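Visitor: Below you'll find the structure I mean.
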Amino acid sequence: MTDWRQRGACLSLNPDVFFSEGRPFREAKEACASCQVLIPCTFDALRVSGVGYQAGMSGVERDRVRRWDRQQRGLETGGRPRKAAS
Ligand code: SF4
Numbered sequence: 001m002t003d004w005r006q007r008g009a010c011l012s013l014n015p016d017v018f019f020s021e022g023r024p025f026r027e028a029k030e031a032c033a034s035c036q037v038l039i040p041c042t043f044d045a046l047r048v049s050g051v052g053y054q055a056g057m058s059g060v061e062r063d064r065v066r067r068w069d070r071q072q073r074g075l076e077t078g079g080r081p082r083k084a085a086s
């Protein structure tokens with residue numbers, strides 16, 4: 001376990017609040033919103049696919065961010081970066 005994980009606001013919560021797919025993740029959202037390690041947690045959460053709530057995002061939301069990132073970097077457009085929306 002890396003150091004930033006030791007400082008997560010989620011450490012004091014029941015892990016079930018992060019794994020209740022189909023429910024609003026209210027407690028998890030509140031913890032992530034005030035978490036002092038949200039940034040490193042976000043990098044970690046986007047590195048691998050997973051279920052549950054992490055870094056202020058559900059699994060579906062993380063998949064959307066990954067897809068957006070691949071599109072922005074041209075990895076899903078034949079190597080051409082996408083034009084920024086104006
Ligand atoms: S951002 Fe959320 S999931 Fe990540 S360490 Fe903080 S409370 Fe836990």
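FYI, my numbering numbers position 20 of the sequence shown as 20, with every residue one higher than the one before it. For each residue, glycine too, the CB sits at the ideal point set by N, CA and C. On a predicted model such as this, the values are computed, not experimentally measured, just so you know.
Take residue 23 as the anchor and find which of 41, 75, 11 and 52 has the nearest alpha-carbon.
Guide: Residue mapping note: residue 23 aligns to position 23 of the sequence shown, counting from 1. That would be 52, whose Cα lies nearest to the Cα of residue 23.
Visitor: If contacts are defined as beta-carbon pairs under 8 Å, then residue 64 and residue 46 qualify, I think. What distance do you get, rounded to the angstrom?
Guide: Taking the sequence shown and counting its residues from 1, one reaches residue 64 at position 64. Taking the sequence shown and counting its residues from 1, one reaches residue 46 at position 46. In fact, because the Cβ distance is near 11 Å, the residues do not count as touching under 8 Å.
Visitor: Indicate, with yes or no, if the ligand SF4 has a heavy atom lying under 7 Å from the CB of residue 38.
Guide: Numbered from 1 along the sequence shown, position 38 holds the residue referred to as residue 38. Yes, since a heavy atom of the ligand SF4 falls inside the 7 Å radius drawn around the Cβ of residue 38.
Visitor: Distance check for residue 42 and residue 54, CA to CA, integer angstroms please.
Guide: Mapped onto the sequence shown, residue 54 falls at position 54. Mapped onto the sequence shown, residue 42 falls at position 42. Approximately 8 Å between the Cα atoms of the pair.
Visitor: Can you give me the start and stop residues for the alpha helix (DSSP H) that residue 41 sits inside?
Guide: As a working mapping, residue 41 is identified with position 41 in the sequence shown. Looking at the DSSP string, the run of the alpha helix (DSSP H) that includes residue 41 is 38 to 47.
Visitor: Are the Cβ atoms of residue 56 and residue 29 separated by less than 8 Å?
Guide: Counted from its first residue, the sequence shown places residue 56 at position 56. Counted from its first residue, the sequence shown places residue 29 at position 29. Against a cut-off of 8 Å, the Cβ pair of residue 29 and residue 56 comes out as a contact.
Visitor: Could you check whether residue 70 and residue 61 sit closer than 8 Å to each other, using their CB atoms as the reference points?
Guide: Sequence index remark: in the sequence shown, residue 61 carries index 61 (1-based). Sequence index remark: in the sequence shown, residue 70 carries index 70 (1-based). No, the pair does not count as a contact, with Cβ atoms beyond the cut-off.
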